[in-house]
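Numbering (the working numbering), first residue to last: 69 to 206.
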Amino acid sequence: MIEVQGLRKTYGDRVAVDGISFQVEPGRIFGLLGPNGAGKTTTISCLSGLLKPTAGTIRIAGHDVVTDAREAKRSLGVVPQELAIYLEISARENLRYWGGIQGLSGKDLDDRVETILARVGLADRAKEPVKAFSGGMK
């Protein structure tokens, strides 16, 4: 379940999200609709732990995204607006970055990165910049 209560995010004097609350039950499909600048992306960024809320609480599967971020992130998947690959860094560095965002670190992160590289057939090219890869490899 996703529970959002009084979510507020500001940037200085500018209010990006102003006290929204909602709940999404397990197994439900939920969408955020609104005009450009309404705070949809900011809300998702707060839900996924990329941004820290100015106020309010967000719980994913019972875990607070601020105080129990690692467990909260394990229960949430996010599909970004754009291709979420940094072309100038290696496949390994990309996976380490995104794994870190998901709350992995240390040996857990290293093991997971190597497992994924092997699974997708990129272990031998893990150090190359992603910009050198074909579209399918990306």
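Heads up, the beta-carbon is just placed ideally off N, CA and C, and yes, glycines get one too.
Margin query: For residue 85 and residue 69, what's the separation of their Cα atoms in angstroms?
Written below: Within the sequence shown, residue 85 is the residue found at index 17, counting from 1. Within the sequence shown, residue 69 is the residue found at index 1, counting from 1. The alpha-carbon atoms of residue 85 and residue 69 are separated by roughly 21 angstroms.
Next item on the list: Could you check if residue 170 is buried or exposed, using at least 16 other CB atoms within 10 Å of its CB as the buried criterion?
Entry: Residue 170 sits at position 102 when you count from the first residue of the sequence shown. It counts as buried.
Next item on the list: Using three-state DSSP, classify residue 76 as helix, strand or coil.
Entry: Position 8 of the sequence shown, counting from 1, holds the residue named residue 76. It is a strand residue.
Next item on the list: With DSSP collapsed to three states, give me the class of residue 86.
Entry: If you number the sequence shown from 1, residue 86 lands on position 18. Three-state result, residue 86: strand.
Next item on the list: Please check the pair residue 75 and residue 114, which I expect to be a contact at CB under 8 angstroms, by giving their CB distance rounded to whole angstroms.
Entry: Position 7 of the sequence shown, counted from the first residue, corresponds to residue 75. Position 46 of the sequence shown, counted from the first residue, corresponds to residue 114. That belief holds up - the Cβ atoms of residue 75 and residue 114 are roughly 6 angstroms apart, short of 8 angstroms.
Checklist line | Spatial neighbours of residue 102 in its chain, beta-carbon cut-off 7 angstroms, leaving aside the 5 residues before and after | finding: For the purposes of this step, residue 102 is identified with residue 34 of the sequence shown, where counting begins at 1. Within the same chain, Cβ atoms closer than 7 angstroms to the Cβ of residue 102 are found at 108, the five residues on either side in sequence being excluded.
Notebook entry, point to check: Nearest to residue 155 by CA position, among 194, 139 and 167, is which residue?
Noted result: Here residue 155 is taken as the residue at index 87 of the sequence shown, counted from 1. It is 194 whose Cα lies nearest to the Cα of residue 155.
Check: Considering residue 184, what are the terminal residues of the beta strand (DSSP E) in which it resides?
Finding: Along the sequence shown, one-based indexing puts residue 184 at 116. Note, residue 184: premise wrong, no beta strand (DSSP E); alpha helix (DSSP H) at 174 to 187.
Checklist line | Given residue 130 as reference, the closest of 100, 92, 79 and 179 once Cα atoms are compared | finding: The residue you call residue 130 lines up with position 62 of the sequence shown. Closest by alpha carbon: 92.
Next item on the list: Indicate the three-state DSSP secondary structure (helix, strand or coil) for residue 158 in the structure shown.
Entry: Position 90 of the sequence shown, counting from 1, holds the residue named residue 158. The answer is strand: DSSP assigns residue 158 an E or B state.
Check: Where residue 192 and residue 177 are concerned, what is the direct C-alpha to C-alpha distance, given to the nearest angstrom?
Finding: Position 124 of the sequence shown, counted from the first residue, corresponds to residue 192. Position 109 of the sequence shown, counted from the first residue, corresponds to residue 177. So the alpha carbons of these two residues sit roughly 19 angstroms apart.
Next item on the list: Under 6 angstroms Cβ to Cβ from residue 199, same chain only, skipping five residues before and after it: list those, please.
Entry: One-based indexing of the sequence shown puts residue 199 at position 131. Sequence-distant partners of residue 199 (beyond 5 residues in either direction) whose C-beta falls short of 6 angstroms from its own C-beta, in its chain, are 155.
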